[in-house]
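In order, the protein sequence lines correspond to chains A and B.
Numbering-wise, the first sequence is residues 1 to 205 according to the UniProt record's numbering.
Numbering-wise, the second sequence is residues 1 to 205 according to the UniProt record's numbering.
Note that the Cβ used here is the ideal one computed from N, Cα and C, for glycine as well.
In this text, all values refer to a predicted model and were calculated from it rather than measured experimentally.
Report on the following structure.
2 protein chains.
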Amino acid sequence: MSDPVREGVLFVVSAPSGAGKTSLCRELIDRYPELRQSVSFTTRQPRSGEVEGKDYHFVEEDVFRQMVAENKLAEWAEVHGNCYGTSLNTLQTAAEQGVDLLLDIDFQGAAQLKQNYQHGVFVFILPPDFAELERRLRGRDTDSDEVIEKRLKNARREISEAGWYDYLVVNDDFQTALDQLSAIVQAERCRSQRNQQTLAKLTGE
Amino acid sequence: MSDPVREGVLFVVSAPSGAGKTSLCRELIDRYPELRQSVSFTTRQPRSGEVEGKDYHFVEEDVFRQMVAENKLAEWAEVHGNCYGTSLNTLQTAAEQGVDLLLDIDFQGAAQLKQNYQHGVFVFILPPDFAELERRLRGRDTDSDEVIEKRLKNARREISEAGWYDYLVVNDDFQTALDQLSAIVQAERCRSQRNQQTLAKLTGE
Numbered sequence: 001m002s003d004p005v006r007e008g009v010l011f012v013v014s015a016p017s018g019a020g021k022t023s024l025c026r027e028l029i030d031r032y033p034e035l036r037q038s039v040s041f042t043t044r045q046p047r048s049g050e051v052e053g054k055d056y057h058f059v060e061e062d063v064f065r066q067m068v069a070e071n072k073l074a075e076w077a078e079v080h081g082n083c084y085g086t087s088l089n090t091l092q093t094a095a096e097q098g099v100d101l102l103l104d105i106d107f108q109g110a111a112q113l114k115q116n117y118q119h120g121v122f123v124f125i126l127p128p129d130f131a132e133l134e135r136r137l138r139g140r141d142t143d144s145d146e147v148i149e150k151r152l153k154n155a156r157r158e159i160s161e162a163g164w165y166d167y168l169v170v171n172d173d174f175q176t177a178l179d180q181l182s183a184i185v186q187a188e189r190c191r192s193q194r195n196q197q198t199l200a201k202l203t204g205e
Numbered sequence: 001m002s003d004p005v006r007e008g009v010l011f012v013v014s015a016p017s018g019a020g021k022t023s024l025c026r027e028l029i030d031r032y033p034e035l036r037q038s039v040s041f042t043t044r045q046p047r048s049g050e051v052e053g054k055d056y057h058f059v060e061e062d063v064f065r066q067m068v069a070e071n072k073l074a075e076w077a078e079v080h081g082n083c084y085g086t087s088l089n090t091l092q093t094a095a096e097q098g099v100d101l102l103l104d105i106d107f108q109g110a111a112q113l114k115q116n117y118q119h120g121v122f123v124f125i126l127p128p129d130f131a132e133l134e135r136r137l138r139g140r141d142t143d144s145d146e147v148i149e150k151r152l153k154n155a156r157r158e159i160s161e162a163g164w165y166d167y168l169v170v171n172d173d174f175q176t177a178l179d180q181l182s183a184i185v186q187a188e189r190c191r192s193q194r195n196q197q198t199l200a201k202l203t204g205e
């Protein structure tokens with residue numbers, strides 16, 4: 001491996017549920033296989049088809065609480081009654097290896113990360129409008145009316161607080177949103193502050 | 001025309017001569033025809049094939065000096081004995097119309113603009129190395145050895161001062177550099193600070 005000339009970038013993607021974040025992140029990783037997806041710890045039960053260590057690290061609540069108590073999590077949040085968190089170790093390893101990391105996390109967790117990772121890149125995915133968000137949530141056919149109402153209410157709150165994110169991507173047309181997300185990844189890799197070594201190498205010739 | 005929901009972005013691209021800036025900007029405009037290229041004023045003589053009002057506004061030195069004296073230029077610089085500048089009017093019109101503007105200008109002019117246009121996006125194009133830059137300059141076969149030496153010396157100085165630009169794009173492979181430049185345009189259009197109206201519209205629903 002050649003010497004790293006660029007530090008790893010931390011990409012944090014949040015969205016209200018139904019905005020299409022999971023599919024967008026999956027396709028993004030397909031486009032950029034060298035982008036490593038961070039695997040969160042969670043106390044929720046695995047859904048059908050979910051794989052331990054790939055989709056999540058599934059842990060019991062006491063294990064999760066212990067990680068919190070021991071400051072082993074860079075961020076964590078309780079969402080709809082379940083806990084989700086990112087281990088500090090994941091971030092440190094990626095940083096040391098100069099690997100770009102993709103975090104698909106809740107906006108509460110993102111706000112925590114923002115405190116300690118100012119150089120992270122924070123992207124918020126928006127639905128085109130609330131009517132469409134509701135259509136998508138109902139279209140999934142997995143949640144009760146009550147749960148959908150709760151998700152919509154949460155979505156309004158999250159969106160009203162999303163102004164601090166670095167980028168806003170509206171997921172109206174999926175391919176357009178994916179192209180914009182890809183452009184953000186590519187552009188951020190060219191950020192001057194991440195490439196001072198390239199400059200130093202060139203001027204040191 | 002629909003209401004503008006995003007303010008126009010000012011893209012400023014600089015590079016040492018021979019780094020490929022002009023070709024990259026031309027291709028970028030081909031990809032994004034809605035990106036308007038700013039036409040600079042210059043006191044230098046038109047080269048063969050250059051069109052007044054398209055490549056430059058060619059003016060006499062006294063006219064240029066008058067524009068400077070009347071504060072009609074947003075930036076100007078003297079490069080290799082000729083003056084180049086961007087009219088304030090060009091920037092104001094684009095801003096009012098919500099149009100994204102591309103400025104292909106010298107690093108001295110870019111540094112001036114940076115003072116008054118903090119939200120502009122400043123991109124510096126780098127050659128892969130100085131040997132390649134020299135090959136490209138000699139390959140153009142238009143300049144004397146003396147001029148080439150001067151250009152190389154200037155390139156070293158400009159590159160050593162390029163650290164303040166927002167983005168660095170290395171033009172080693174032309175297509176890769178063009179893709180990166182395109183990604184910067186796309187990503188910057190998604191910047192949160194430029195899309196607060198989208199957010200306000202959504203949360204105001």
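Closer than 8 Å to chain A by CB, residue i
i                      : result
B:SER14                : no
B:ARG191               : yes
B:SER160               : yes
residue 220 of chain B : Not covered by the structure: residue 220 of chain B. The range shown for chain B is 1 to 205.
B:ASP129               : yes
B:THR22                : no
B:LEU126               : yes
B:LEU202               : yes
B:ALA19                : no
B:PRO4                 : Residue placement at B:PRO4 is flagged as unreliable, the pLDDT there being 46, under the threshold of 50; a coordinate-derived value is accordingly withheld.
B:MET1                 : In this prediction, B:MET1 has a pLDDT of 38, which is less than 50 and means its spatial position is unreliable; what the coordinates show is noted afterwards. No, its Cβ sits nowhere closer than 8 Å to a Cβ of chain A.
Neighbour-count burial assignment, residue i, 16 or more Cβ in a 10 Å radius
i        : result
A:PRO16  : buried
B:ARG157 : exposed
B:GLN112 : buried
A:ARG65  : exposed
B:ALA74  : buried
B:SER45  : The question names Ser, yet the displayed sequence has Gln at residue 45 of chain B. Classification for B:GLN45: exposed.
B:SER144 : exposed
A:GLU149 : exposed
A:SER14  : buried
B:GLY204 : exposed
B:VAL51  : exposed
B:ARG189 : buried
B:ASN171 : buried
B:VAL147 : exposed
CB contact below 8 Å: residue i versus chain B
i        : result
A:TYR117 : no
A:ASN71  : no
A:ASP179 : yes
A:ASP166 : yes
A:THR43  : no
A:LEU10  : no
A:LYS114 : no
Test item: CB-CB of residue i and residue j under 8 Å
i        : j        : result
B:TYR84  : B:THR142 : no
A:THR90  : A:GLY109 : no
B:LEU168 : B:ARG151 : no
B:GLY18  : B:PHE174 : no
B:SER192 : A:TYR117 : no
A:LEU202 : B:ASP129 : yes
A:VAL12  : A:ARG194 : no
A:LEU35  : A:ASP100 : yes
A:LEU102 : A:LEU28  : yes
B:ILE105 : B:SER40  : yes
A:LEU88  : A:LYS114 : no
A:TYR56  : A:VAL185 : no
B:ALA183 : A:ALA155 : no
A:GLU161 : A:PHE107 : yes
B:ARG6   : B:GLY120 : no
Enclosing alpha helix (DSSP H) for residue i [first to last residue]
i                      : result
A:LEU113               : 107-116
A:THR90                : 88-97
A:ASP173               : Element bounds for A:ASP173: n/a, residue is neither H nor E.
B:ASP104               : From DSSP, B:ASP104 is part of no alpha helix (DSSP H) but of the beta strand (DSSP E) over 101-104.
residue 219 of chain A : Residue 219 of chain A falls outside the range modelled here, since chain A spans only 1 to 205, and no answer is possible.
Heavy atom of the ligand NAP within 7 Å of residue i beta-carbon
i        : result
A:ARG138 : The ligand content of the structure shown is nil, which means the ligand NAP is not present either.
Limits of the unbroken beta strand (DSSP E) element including residue i
i        : result
A:SER14  : 10-14
A:THR42  : 40-42
A:VAL79  : 73-79
A:VAL121 : 121-126
Within chain B, the residues that residue i reaches when beta carbons sit closer than 8 Å
i        : result
A:GLY163 : SER192, GLN196, LEU199
A:ALA187 : TYR167, GLN180, ALA183, ILE184, GLN186, ALA187, GLU188
Interface residues of chain B facing residue i [CB-CB closer than 9 Å]
i       : result
A:THR86 : Here the premise fails: no neighbours, minimum Cβ distance about 22 Å.
Interface residues of chain A facing residue i [CB-CB closer than 8 Å]
i        : result
B:VAL169 : CYS190
C-beta neighbour in chain C for residue i, strict 8 Å
i        : result
B:ILE125 : Annotation note: the requested chain C is absent from the structure, which comprises protein chains A and B.
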